[in-house]
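Colleague:
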Ligand code: MFK
Ligand code: FAD
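Spelled out as structure tokens, the structure:
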């Protein structure tokens, strides 16, 4: 019988994750820490089961049926198994509700759940992130009627009452430059607003609600004239006829996620607040979904490295296990170092977000959060692709073969850098943050951390880098094109 290679085994995603355990032990008060175990154990168990399922069943994509047998429009979408399990599982373990609990630790406790669940969810985390973001933006709007109507659904712990929300921003004319939005909001004679237009990417098309950018009829051009609307998509069991699903996108990755092109043909809508400055109003949502993106990117890295490390102990080459080959061990160590840094950055954002939302953050911490959010998103998005790509190579040819479950890691990772603001757009957003005193706040925060650090050489190098960044910003403050051309380099330097 010819040689048979043992398959890689996944360690328990929670109990086997030294970094997550250490972070939670360090940051959370003992009672909260102990209370978290049951949910995290269960989500870790689910993730382990889902990985085994991935390796033993053929992957499926959602299927859109547009027309019924008798010619009626149905726009029905059949979802994959993980998606069908999503509402029950996530409400049972309070994934979203945890993030809105009354504690400065709420976000950390939520994102620990997200980190464990993400890979198993088949990107059900995408609409969860948007629902979380919508809840946050609606809270920030102060619109009491909407808060009372929607939050009990978005944050429900009961699958029967749980609603998902979409985020309808991107149009054919632009996804980064949403100031070009063509969707029009028109008011009926009876005062009801209705949306007319086309949204080019809608990833929660099966959701019950969405936040949508639209231009009130007669308002001027540009970003400032856009308004932010809340919409509901269902009429009882049926999708509203004013929402038409044109098709599902055929995508490189995230294939279980039903991302649709849609038309709005008079869909009833309610403004969150004033009928202008919609991007300003949606910004709390963007910052939350970008934080999710960073955590999910880190989760992809964790999965990839965990498999690569396990395999290195099982695979022999040139007379010893790969893990004993110095160069392979060094390759894995470099991946691990990058991952640990990304993990620290993403979870620092989660920690600060929770503190800021509960009035526990100083002004300095709030400024640091504003800067670290785009930095964490853009840095982890790129790094996830690099680490997943390196992981495939760690498996040699097997890493390129579909039914190992490995190629999907790389295909899926590519999305982190594109949606929710591309790397360049987020680099420019970090300039927006730096226009305030974010860099000063970051220097203070890091300075305090470096004061307690024994590695004088590293501390001095970091201080010099921050000083150089501040000098560069000062020098080019008046030359916008130079600032923008250098924004990605600066963002990468600061993130690193
Ligand atoms: C599984 C992982 C979970 C992730 C799920 C993801 C699901 C995927 C769903 C999507 O991809 S949804 C679509 C996401 N689209 C984007 O993220 C849009 C990307 N483009 C940008 O972010 C642009 O920078 C932006 C549209 C905001 C720029 O537009 P403009 O026309 O240059 O806006 P401007 O005038 O600079 O900003 C308008 C206001 O918003 C300003 O405030 P004021 O009105 O008070 O002056 C800005 O300060 C404010 N603003 C912009 N970005 C902000 C922000 N405020 C706080 N935080 C931010 N990030
Ligand atoms: P463009 O904006 O045309 O960007 C093209 C390139 O130009 C990018 O490299 C970008 O970095 C660069 N660029 C643009 N402006 C600048 C600048 N000023 N300086 C330097 N470089 C610049 N959107 C939604 O609204 N809702 C969803 O649910 C949703 N789901 C998605 C799901 C998937 C799987 C994907 C892939 C996308 C989804 N999107 C969604 C859309 C996504 O947010 C956009 O694709 C993204 O914001 C980029 O917009 P765009 O595609 O129009 O590219």
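Residue numbers (the numbering used here): 1303 to 1798.
Glycine included, every Cβ here is placed at the ideal spot set by N, Cα and C.
Everything numeric in this text was worked out from a predicted model, so none of it was measured.
Alpha carbons only, please: which of 1471, 1384, 1537 and 1620 is nearest the one belonging to residue 1563?
Modeller: One-based indexing of the chain shown puts residue 1563 at position 261. Here the closest residue by C-alpha is 1471.
Colleague: Under the criterion of a Cβ to heavy atom distance below 8 Å, does residue 1478 qualify as lining the ligand FAD?
Modeller: As a working mapping, residue 1478 is identified with position 176 in the chain shown. Yes, the beta carbon of residue 1478 sits closer than 8 Å to at least one heavy atom of the ligand FAD.
Colleague: Apply the 10 Å Cβ neighbour rule to residue 1732 and answer buried if 16 or more other Cβ atoms are within range, or exposed otherwise.
Modeller: As a first step, residue 1732 must be located in the chain shown, where it is residue number 430. So residue 1732 ends up on the buried side.
Colleague: Which residues in the same chain have their Cβ closer than 8 Å to the Cβ of residue 1601, if we skip the five residues on either side of it in sequence?
Modeller: The sequence position of residue 1601 within the chain shown is 299, counting from 1. Excluding residues within five positions, the ones whose Cβ falls inside 8 Å are 1416, 1417, 1418, 1420 and 1421.
Colleague: With a threshold of 8 Å, establish whether the CB of residue 1504 neighbours any heavy atom of the ligand FAD.
Modeller: Residue 1504 sits at position 202 when you count from the first residue of the chain shown. Result yes, Cβ under 8 Å from the ligand FAD.
Colleague: Give the DSSP bridge partners of residue 1801, in chain order.
Modeller: Only positions 1303 to 1798 of the chain appear in the structure, and residue 1801 is not among them; the question remains open.
Colleague: Between which two residues does the beta strand (DSSP E) carrying residue 1367 extend?
Modeller: For the purposes of this step, residue 1367 is taken as residue 65 along the chain shown, with counting starting at 1. That run of the beta strand (DSSP E) goes 1365-1369.
Colleague: In this structure, how does DSSP classify residue 1773 when only helix, strand and coil are distinguished?
Modeller: Locating residue 1773 in the chain shown gives position 471, where the first residue counts as 1. The answer is helix: DSSP assigns residue 1773 an H, G or I state.
Colleague: According to DSSP, residue 1571 sits in a beta bridge with which residue or residues?
Modeller: Here residue 1571 corresponds to residue number 269 of the chain shown, with the count starting at 1. The partner list for residue 1571 (beta bridge, DSSP) reads 1495 and 1533.
Colleague: Taking 9 Å as the cut-off, decide whether the C-beta atoms of residue 1452 and residue 1437 are in contact.
Modeller: Locating residue 1452 in the chain shown gives position 150, counting from the first residue. Locating residue 1437 in the chain shown gives position 135, counting from the first residue. In contact: residue 1452 and residue 1437 (Cβ atoms closer than 9 Å).
Colleague: Take the Cβ of residue 1508 as the centre, count every other Cβ of all protein chains shown within 10 Å, and call the residue buried at 16 or more, exposed below.
Modeller: Position 206 of the chain shown holds residue 1508. Per the 10 Å Cβ criterion, buried.
Colleague: Indicate whether the contact test is met: 3 or more Cβ pairs, each with one atom in the stretch 1614-1627 and one in the stretch 1382-1396, closer than 8 Å.
Modeller: Flag = no, the stretch 1614-1627 and the stretch 1382-1396 do not touch.
Colleague: What do you reckon, is the C-beta of residue 1676 under 8 Å from a heavy atom of the ligand MFK?
Modeller: Locating residue 1676 in the chain shown gives position 374, where the first residue counts as 1. The answer is yes for residue 1676.
Colleague: To the nearest angstrom, how far is the alpha carbon of residue 1446 from that of residue 1574?
Modeller: Counted from its first residue, the chain shown places residue 1446 at position 144. Counted from its first residue, the chain shown places residue 1574 at position 272. When rounded, the distance between both Cα atoms is 10 Å.
Colleague: Below 9 Å between beta carbons: does that hold for residue 1644 and residue 1630?
Modeller: For the purposes of this step, residue 1644 is taken as residue 342 along the chain shown, with counting starting at 1. For the purposes of this step, residue 1630 is taken as residue 328 along the chain shown, with counting starting at 1. No.
Colleague: To test your reading of the DSSP string, which unbroken beta strand (DSSP E) runs of 3 or more residues are found completely within the stretch 1424-1472?
Modeller: Counting only runs of 3 or more, we get 1467-1470.
Colleague: Using the C-alpha atoms, what's the distance from residue 1735 back to residue 1767?
Modeller: Position 465 of the chain shown holds residue 1767. Position 433 of the chain shown holds residue 1735. Rounded to whole angstroms, residue 1767 to residue 1735 spans 18 Å at the Cα level.
Colleague: If I'm right that residue 1711 touches residue 1789 with Cβ under 8 Å, what's the distance once you round it to whole angstroms?
Modeller: On the chain shown, residue 1711 is found 409 positions in, with the first residue counted as 1. On the chain shown, residue 1789 is found 487 positions in, with the first residue counted as 1. Contact flag wrong, Cβ pair sits at about 29 Å.
Colleague: If contacts are defined as beta-carbon pairs under 8 Å, then residue 1366 and residue 1550 qualify, I think. What distance do you get, rounded to the angstrom?
Modeller: As a working mapping, residue 1366 is identified with position 64 in the chain shown. As a working mapping, residue 1550 is identified with position 248 in the chain shown. With 8 Å as the limit, residue 1366 and residue 1550 qualify as a contact, their Cβ atoms being about 5 Å apart.
Colleague: Rounded C-beta distance between residue 1747 and residue 1666? I'm assuming under 8 Å.
Modeller: Stepping through the chain shown from its first residue, residue 1747 is reached at position 445. Stepping through the chain shown from its first residue, residue 1666 is reached at position 364. Their Cβ separation, rounded to whole angstroms, is 6 Å, which keeps residue 1747 and residue 1666 in contact under 8 Å.
Colleague: Heavy atom of the ligand MFK less than 8 Å from the Cβ of residue 1367, yes or no?
Modeller: Counting from one through the chain shown, the residue named residue 1367 turns up at place 65. Result no, Cβ not under 8 Å from the ligand MFK.
Colleague: For the candidate residues 1759, 1749 and 1771, whose alpha-carbon lies nearest to that of residue 1737?
Modeller: Within the chain shown, the letter at position 435 stands for residue 1737. Ranking 1759, 1749 and 1771 by Cα distance to residue 1737 puts 1771 first.
Colleague: Would you tell me roughly how many angstroms separate the C-alpha atoms of residue 1402 and residue 1741, rounded to the nearest one?
Modeller: Along the chain shown, read from residue 1 onward, the residue named residue 1402 stands at position 100. Along the chain shown, read from residue 1 onward, the residue named residue 1741 stands at position 439. In a straight line, the C-alpha of residue 1402 is about 29 Å away from that of residue 1741.
Colleague: Tell me where the beta strand (DSSP E) around residue 1375 begins and ends.
Modeller: In the chain shown, the residue the question calls residue 1375 occupies position 73. Looking at the DSSP string, the run of the beta strand (DSSP E) that includes residue 1375 is 1375-1380.
Colleague: Taking only runs of the alpha helix (DSSP H) that begin and end inside the stretch 1697-1737, which ones reach a length of at least 4 residues, in chain order?
Modeller: Counting whole runs of 4 or more residues, the stretch 1697-1737 contains the alpha helix (DSSP H) stretches 1709-1715 and 1725-1736.
Colleague: By the three-class DSSP mapping on this structure, what secondary structure does residue 1330 have?
Modeller: Counted from its first residue, the chain shown places residue 1330 at position 28. Correct three-state label for residue 1330: coil.
Colleague: Report the rounded CA-to-CA distance for residue 1363 versus residue 1796, giving the unit in angstroms.
Modeller: Here residue 1363 refers to the residue found at position 61 of the chain shown. Here residue 1796 refers to the residue found at position 494 of the chain shown. Rounded to whole angstroms, residue 1363 to residue 1796 spans 39 Å at the Cα level.
Colleague: Which residues in the same chain have their Cβ closer than 7 Å to the Cβ of residue 1743, if we skip the five residues on either side of it in sequence?
Modeller: On the chain shown, residue 1743 is found 441 positions in, with the first residue counted as 1. Closer than 7 Å at Cβ, skipping near neighbours: 1666, 1669 and 1670.
Colleague: Residue 1494: which of 1374, 1531 and 1659 sits nearest, CA to CA?
Modeller: Indexing the chain shown from 1 puts residue 1494 at position 192. For residue 1494, the nearest C-alpha among the options comes from 1531.
Colleague: Residue 1580 and residue 1512: beta carbons closer than 9 Å?
Modeller: As a working mapping, residue 1580 is identified with position 278 in the chain shown. As a working mapping, residue 1512 is identified with position 210 in the chain shown. The answer is no: Cβ separation not under 9 Å.
Colleague: If you draw a straight line from the C-alpha of residue 1372 to the C-alpha of residue 1501, how long is it?
Modeller: Taking the chain shown and counting its residues from 1, one reaches residue 1372 at position 70. Taking the chain shown and counting its residues from 1, one reaches residue 1501 at position 199. C-alpha separation (whole angstroms): 28 Å.
Colleague: Please name the residue or residues paired with residue 1540 in a DSSP beta bridge.
Modeller: For the purposes of this step, residue 1540 is identified with residue 238 of the chain shown, where counting begins at 1. Residue 1540 pairs with 1537.
Colleague: Are residue 1458 and residue 1429 closer than 9 Å when you measure CB to CB?
Modeller: In the chain shown, the residue the question calls residue 1458 occupies position 156. In the chain shown, the residue the question calls residue 1429 occupies position 127. Cβ atoms of residue 1458 and residue 1429: not closer than 9 Å.
Colleague: Near residue 1653, which residues of its chain fall below 6 Å by C-beta distance, leaving aside the five closest residues on each side in sequence?
Modeller: By one-based count along the chain shown, residue 1653 stands at place 351. Answer for residue 1653: 1410, listed in chain order.
Colleague: Where does residue 1864 land, buried or exposed, given buried means 16+ other C-beta within 10 angstroms?
Modeller: Within the shown structure, residues of the chain are numbered from 1303 to 1798, placing residue 1864 beyond reach of any answer.
Colleague: Which of the three DSSP states is assigned to residue 1318 in this structure?
Modeller: For the purposes of this step, residue 1318 is taken as residue 16 along the chain shown, with counting starting at 1. Coil at residue 1318, not helix or strand.
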